Amino acid sequence: MRDKENIQDYRFMPDPNLLPLKVSETLIQKLKASLPPLPNQLRSLLQDKYKLNTDITNVLSRDTHLLHLFYNIVNTKQSRSPKMVAFMLVLHVMAFVNKHKIDLDDTDFNSDHLGDILDAWQGEQITKEIIIVLLEKRMIEQDTRTVQDIIEQDELKQIGDVETVTRIVQEYIRDNEDTARTYTKKSEKKRVKLFGSMMRSLAEQNGNRLNMMMTKQVLETELKKKDEENG
Numbered sequence: 001m002r003d004k005e006n007i008q009d010y011r012f013m014p015d016p017n018l019l020p021l022k023v024s025e026t027l028i029q030k031l032k033a034s035l036p037p038l039p040n041q042l043r044s045l046l047q048d049k050y051k052l053n054t055d056i057t058n059v060l061s062r063d064t065h066l067l068h069l070f071y072n073i074v075n076t077k078q079s080r081s082p083k084m085v086a087f088m089l090v091l092h093v094m095a096f097v098n099k100h101k102i103d104l105d106d107t108d109f110n111s112d113h114l115g116d117i118l119d120a121w122q123g124e125q126i127t128k129e130i131i132i133v134l135l136e137k138r139m140i141e142q143d144t145r146t147v148q149d150i151i152e153q154d155e156l157k158q159i160g161d162v163e164t165v166t167r168i169v170q171e172y173i174r175d176n177e178d179t180a181r182t183y184t185k186k187s188e189k190k191r192v193k194l195f196g197s198m199m200r201s202l203a204e205q206n207g208n209r210l211n212m213m214m215t216k217q218v219l220e221t222e223l224k225k226k227d228e229e230n231g
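Quick note on numbering: full-length UniProt numbering labels position 16 of the sequence shown as 16, and the sequence is numbered without any gaps.
In structure tokens:
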């Protein structure tokens, strides 16, 4: 190894033939504007502009594919709720992906198709549980019908009228008289678990199509009547 002769050896040798590099302020600002936001900036944007919670923004900001779907669905139709779009993608689409062991990046999710599913859910035509059913129809079964046709033809529409829900709940209580009687005899604290079990049974027996908020109210009312009958 040769000895360093002088301090000039410790740096790049200047090249007199290189022209000076001049960058205008306009170009600098243009390049800055073209840069994607940093992760913390992206999370702040999602929270401030779309009012999304921290958990949802963390998932979206980490997954470029999911984030692009979010923007496409939200920006296509102004009436779409950003919160519901994000909720559908992060919880239901990801649940579908995990259930079928699919790589999200290798899956051809169509934002228009997802947008139609979102519209049906936001418009209370379907319950959130039917979202995965619709995804499976398209992605697994290769069903080419429109979302609306599938909902109508396969009877997936939400059951949300009071008369029908009341009839279903009353029939359930008649068919499960022992469970209803047990419920009325339990303390308030112990009733919670049994009530949850009855709600799940009602949902499953009706293909997850019941409006669960309405079902909860009707079930509470009918069980209260039962409680009063038993003294």
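Here a beta-carbon is modelled for each residue, glycine too, at the ideal position from N, C-alpha and C. As the structure is a prediction and not an experimental result, all values here were calculated from the model.
Item	Value
N-terminal and C-terminal residue of the alpha helix (DSSP H) that Gly123 is part of	It is not in any alpha helix (DSSP H) - Gly123 carries neither H nor E in the DSSP assignment.
N-terminal and C-terminal residue of the alpha helix (DSSP H) that Lys98 is part of	Sequence inspection shows Asn at residue 98; the Lys mentioned does not correspond to that position. Asn98 -> alpha helix (DSSP H) spans Met94 to Lys99.
Ile104 and Leu66 closer than 8 Å at C-beta	At residue 104 the sequence reads Leu, which differs from the Ile that was named. Yes.
Contact check, Ala208 vs Ile159, beta carbons under 8 Å	In the sequence as displayed, the identity of residue 208 is Asn instead of Ala. No, the pair does not count as a contact, with Cβ atoms beyond the cut-off.
Buried versus exposed, by CB contacts within 10 Å (16 or more), Ser187	exposed
Cβ-based neighbour list, Leu89, same chain, cut-off 7 Å, excluding 5 preceding and 5 following	Leu66, Leu69 and Phe70
Presumed contact (8 Å Cβ cut-off) between Ile131 and His100, rounded CB distance	The pair is not a contact, with the Cβ atoms about 14 Å apart (cut-off 8 Å).
Any 3 or more C-beta pairs closer than 8 Å across the stretch 196–205 and the stretch 162–177	yes
Beta-carbon proximity of Tyr183 to Leu223, cut-off 8 Å	yes
Proximity of residue 266 and Val165 at Cβ, strictly below 8 Å	No answer is possible for residue 266: the residues shown for the chain start at 1 and end at 231.
Cβ pair Pro39, Ser61 closer than 8 Å	yes
Cα-Cα separation between Lys157 and Ala180, rounded to whole angstroms	28 Å
Other residues of its chain near Lys185: CB distance less than 7 Å, five sequence neighbours each side excluded	none
Length-filtered (4 minimum) alpha helix (DSSP H) runs lying within the UniProt domain "Asn/Gln amidotransferase" (69–218)	82–87, 94–99, 111–122, 130–139, 147–153, 162–175, 177–185 and 188–205
Inter-residue CB distance, Val85 and Ala120 (contact presumed, cutoff 8 Å)	With a Cβ gap of about 13 Å, Val85 and Ala120 do not count as contacting.
Among Lys189, Glu163 and Val23, the one whose alpha carbon lies nearest that of residue 240	Summary: the structure shown does not reach residue 240, with the chain confined to residues 1 through 231, and so no result is reported for it.
Outcome for Arg145 when other beta-carbon atoms lying within 10 angstroms are tallied against a minimum of 16	exposed
Ile150 vs Leu134 beta-carbon contact at 8 Å	yes
Spatial distance of Asn58 from Lys49 (CA atoms)	15 Å
Nearest-angstrom Cα separation, counted from Asp143 out to Gln41	39 Å
Arg167 versus Asp161: straight-line alpha-carbon distance, rounded	10 Å
Alpha-carbon spacing of Arg80 relative to Gln125, whole angstroms	15 Å
Neighbour-count burial assignment, Leu118, 16 or more Cβ in a 10 Å radius	buried
CB contact flag (Gly115, Thr76, <8 Å)	yes
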